[in-house]
Amino acid sequence: MIRFITLCTVLIWAAEASAQQANDLGTDEQREAGKVLYDIKCAHCHGYSGDAISVATPFVRPTPRDFTSGNYKSRSTASGELPTTEDIRRSIRLGMPYTSMPAWEGILSEAEITNLAYYLKSFDAAFAGPYGNPTVVEVPPAPGYSDDPDHLARGRAVFEANQCADCHGDNGRGNGLSAPDLEDEWGFHIRPADMTKRWTYRASSTREDIYRTFMTGLNGTPMPSYQQSIEEADRWALVDYVWSLSRSTPDYGTVATAIGQSQALDLGDPLLFADAPEAYFPIVGQVIEPGREFNPGVNGIAVRAVFDTTHIALQLRWHDMTAETASHNHPSLPAPLFNPAQADTSAGDWSDAVALLWPAATPVGLERPYFMFGDTKNPMSIWFADLATDSAAALLGQGTGLITESDWPIESTAGYEDGMWTIVMKGPRRMGEMTFEERAFVPVSFSVWDGFNRERGNKRGLSAWYHIYMEPIEQESVLLPMAKWALIVLLVELALVGLVRWRAGRRDEY
Amino acid sequence: MNLLVLLTIAAVLVVIQVGVTRWVNLNRLAWMAIWWAALWAAFSYGITPPLPQSIVVLFMAIITIALLAYLSADSEELAQARQTLVSFMVEKRYQVALIVVILTLPLLVALSVFSSLNQAPQPPASGRTIHPVPPASISFEGNTINLSTANNPYRELEHSDPEAFAAHVDNGRRVYFENCFYCHGDNMEGAGQFAHGYDPLPANFNDATTIAMLQESYLFWRIAKGAPGLPPESTPWSSAMPAWENFLTEEEIWDVILFLYEFTGFEPRAQGMPH
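Taken in order, these protein sequences are the chains called W and R.
Okay, so the first sequence: first residue is 117 according to my numbering, each after it adds one.
Okay, so the second sequence: first residue is 1420 according to my numbering, each after it adds one.
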């Protein structure tokens, strides 16, 4: 018996030793070099002990990774397992888009990135143990993308059968029924990815990456692994279905073209914006004045605009996990001065809201109001829609805390469907000193409040100054000038050739 | 300067020039056309950043006149060139080519009119002065700070008390990673998480034209007063740079300045040197 136990112990010891040998932990020099770099470049977020206790952690969501936990989102390994060295290197190289984790490619050398990866591994003893050598989930080479309806329908069926929509929403906008209640490993609310925006995927966004993501799951988050439940034959169909729902780049614009029409604008007309091109603008956190919002709920807004002889109407659309329509919201509500990210995002206290911000007087030259809420010298006209109510109002902004009513009549409609708000606001093309002239570039900026994130007052998502271009109602035809110039050139040519021939002819006669 | 393009053009010209004098009798007009095209290509593609279209047009007008003058200086060459043109317009064997030319020219003109009228209208360009002249003094929490004489009070600790200095730098690191990296980026390259949503873009402190050429008192002004403190030529209405007097103490601002230089490895410009 004793012999047997000894044998076992020796065997286990031998197995562990051999596993240890195979574990890819780098050399002492590599880890030491990694530590030096880590303390300079990474520790203020990930913590000097790799435990994510740092000065930045109270502010950012998702929180910087706690390396002592061994939970890595982006992996090529089976669910629940540790990442490979290459996985960690890839995360460092590419960063995690739309979080505070930057991409280090081009800033750090490949050798430095490798050293860092080995140092990160040293924060969790498991990397040195038997689990330190994880099984890699093979991702076969991707077949070409196919938008064959049968193939996509099959992908859709897999999407439904596996309840992706529960979290990600019916069209992948991140608005599933359970989305408001999801938590990550560290007890913070986590939003399911808005699948339609591939540029925001944390673990990269090629078709192979999407395949890998649902095969391996994202450790530390509710995003599960489907390695067991989705058959091999269905996997690329699901990838292509996700692909078909999404775009690869945001294609951010700087100008939205408003289309002029001669018949009066009718907000009830479902085709009102059918001919207006859409421009997509980034929305970022207001981190400039007190009431800072470090984790805005909305990251982009799609805008279309039309106008008639007296009014202009804008359609604003954005993806929102949930519609908060209880309670109220207003730009002049007080928001706390010092405002770390809250764990308790909770619906119910504040409603969703949106605002269009214009100069209150047509700008002379480049000068315009301060883009936050205007200033006393250059006030702002704010078209504000509190989505708890079904009306919009015009306000006058002379700075944060200096927002008053104004009485320009604003009409609006609002609707929330499957994770997307669609708001239309219509106002006069002439508001005192502010006019929307044809052919003018009218400065505009946008603010969005996500009630779920407790955004109110100055705690909001906002944009820089952009422009609405007022494309004239009477489009001049380009044919006329084209024909005119072509004709002139033709006549000159004929005259020249005629003249030359005539003179040559005369010379021949003599 | 795009050397590759310029060298290619020069090489082509040399080959043609040598070829013309040695072997072929290139028509004077063709020779002119080649020179004209080569110079146009050099101006349009050989120079970076590209010259504005209007400048290229101006240059080409001058070159056209120069080439014509060159041609007309020699009456034999002029006669040769004229003869070519006349025979092209008169002789029967060129008739088809002539008709083609007569018809294509107006078409090309119509096309260029179309593209010039169809250009998407451009919003007004906003030039801004990145480093305006700072005010003589600012007030901070009731105190007046003279910007031409103010020094970072903790800078001297670097030599007199390295430990205390390190503590100040570390406090600056804290300030930076609580407040600044959303815009200026955690590597200070101006590419923070929210940078893409602001215009003008947040300053890149690794660039030799920002903090490397500024005095610490200048930074103090920019950090304390932010965008609202800028003069109109620096478009205070569109810059996202916060006025940190709302959030930070005087000491915290001097500390974060120490940290900016420490992290990027630059030295501040000494007091007394002009901006």
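The beta-carbon is built from N, C-alpha and C at its ideal position, and this holds for glycine as well.
Residues near residue i in its chain [Cβ-Cβ closer than 6 Å; skip 5 each side]
| i | result |
| --- | --- |
| F557 (chain W) | H583 and Y585 |
| D286 (chain W) | D534 |
| A194 (chain W) | T251 and V253 |
| L334 (chain W) | K189 |
| D182 (chain W) | D167 and A168 |
| V255 (chain W) | E324, Y327 and R328 |
| A372 (chain W) | A395, V419, A421 and I584 |
Contacts around residue i, its chain only, beta-carbon distance under 7 Å, and the 5 residues preceding and following it disregarded
| i | result |
| --- | --- |
| E488 (chain W) | What sits at residue 488 (chain W) in the sequence shown is Met, not Glu. These residues qualify, in order along the chain: I404, E405 and T516. |
| R627 (chain W) | What is shown of chain W runs 117 to 626, which leaves residue 627 (chain W) out entirely. |
| S320 (chain W) | L210 |
| V1431 (chain R) | A1457 |
| L449 (chain W) | R572 and G573 |
| E228 (chain W) | L153 |
| D681 (chain W) | In this structure chain W extends from 117 to 626, so residue 681 (chain W) is not present and cannot be described. |
Contacts around residue i, its chain only, beta-carbon distance under 8 Å, and the 5 residues preceding and following it disregarded
| i | result |
| --- | --- |
| H1615 (chain R) | none |
| V400 (chain W) | P412, N415, G577, L578 and S579 |
| E1652 (chain R) | R1547, T1548 and P1551 |
| I1483 (chain R) | The question names Ile, yet the displayed sequence has Thr at residue 1483 (chain R). Here the set comprises W1455. |
| T332 (chain W) | R191, S192, T193, A194, S195, V253, S341 and Q343 |
Beta-bridge partners of residue i, as assigned by DSSP
| i | result |
| --- | --- |
| Y396 (chain W) | W:A418 |
| T1683 (chain R) | Partner(s): none; T1683 (chain R) has no beta bridge. |
| P559 (chain W) | W:H583 |
| L578 (chain W) | W:V400 and W:S563 |
| W537 (chain W) | W:W434 and W:Y532 |
| D502 (chain W) | W:A469 |
| H1504 (chain R) | The question names His, yet the displayed sequence has Leu at residue 1504 (chain R). Partner(s): none; L1504 (chain R) has no beta bridge. |
| L512 (chain W) | W:S497 and W:T520 |
| I1482 (chain R) | I1482 (chain R) pairs with nothing; no bridge assigned. |
| M1632 (chain R) | Its beta-bridge partners do not exist; DSSP assigns none. |
| T193 (chain W) | W:V252 |
| I375 (chain W) | W:V422 and W:E587 |
| S1558 (chain R) | R:T1563 |
| R307 (chain W) | Paired residues: none, contrary to the question. |
| E221 (chain W) | W:L224 |
Beta carbon proximity, residue i to chain R, threshold 8 Å
| i | result |
| --- | --- |
| H583 (chain W) | yes |
| Q136 (chain W) | Only weak support exists for where Q136 (chain W) lies, its pLDDT of 47 falling under 50; the value from the coordinates is given anyway. No, Q136 (chain W) does not count as interfacial toward chain R. |
| V540 (chain W) | no |
| T370 (chain W) | yes |
| M598 (chain W) | yes |
| H160 (chain W) | yes |
| A96 (chain W) | Residue 96 (chain W) lies beyond the residue range present for chain W, which begins at 117 and ends at 626; the question has no answer from this structure. |
| L606 (chain W) | yes |
| S360 (chain W) | no |
| L472 (chain W) | no |
| A133 (chain W) | Confidence at A133 (chain W) is low in this model, with a pLDDT of 49, below 50, so the placement of that residue should be treated as unreliable; the coordinate-derived value is given next. So no, A133 (chain W) is outside the interface. |
| V616 (chain W) | yes |
| W565 (chain W) | no |
| R205 (chain W) | no |
| F175 (chain W) | yes |
| S341 (chain W) | no |
| E571 (chain W) | no |
| N96 (chain W) | Residue 96 (chain W) cannot be examined here, being either before or after the span of chain W that is shown, 117 to 626. |
Proximity test, Cβ basis, 8 Å: residue i and chain W
| i | result |
| --- | --- |
| Y1513 (chain R) | no |
| M1607 (chain R) | no |
| A1622 (chain R) | no |
| P1693 (chain R) | Because the pLDDT of P1693 (chain R) is 49, which lies under 50, any placement of that residue in the model is unreliable, and the number read from its coordinates should be weighed accordingly. Output row for P1693 (chain R): interface = no. |
| Q1634 (chain R) | no |
| D1674 (chain R) | no |
| M1722 (chain R) | Outside the displayed span of chain R (1420 to 1694) sits residue 1722 (chain R), for which this structure offers no information. |
| T1654 (chain R) | yes |
| Q1502 (chain R) | no |
| P1581 (chain R) | no |
Presumed contact (8 Å Cβ cut-off) between residue i and residue j, rounded CB distance
| i | j | result |
| --- | --- | --- |
| A1460 (chain R) | I1428 (chain R) | 6 Å |
| T230 (chain W) | R206 (chain W) | No, T230 (chain W) and R206 (chain W) are not in contact; Cβ-Cβ is about 12 Å, not under 8 Å. |
| R484 (chain W) | P475 (chain W) | 5 Å |
| F243 (chain W) | L141 (chain W) | 7 Å |
Completely contained alpha helix (DSSP H) runs for the segment 1497 to 1547 of chain R, where each covers 4 or more residues: 1514 to 1536
Whole beta strand (DSSP E) elements within the segment 315 to 360 of chain W, 3-residue minimum: none
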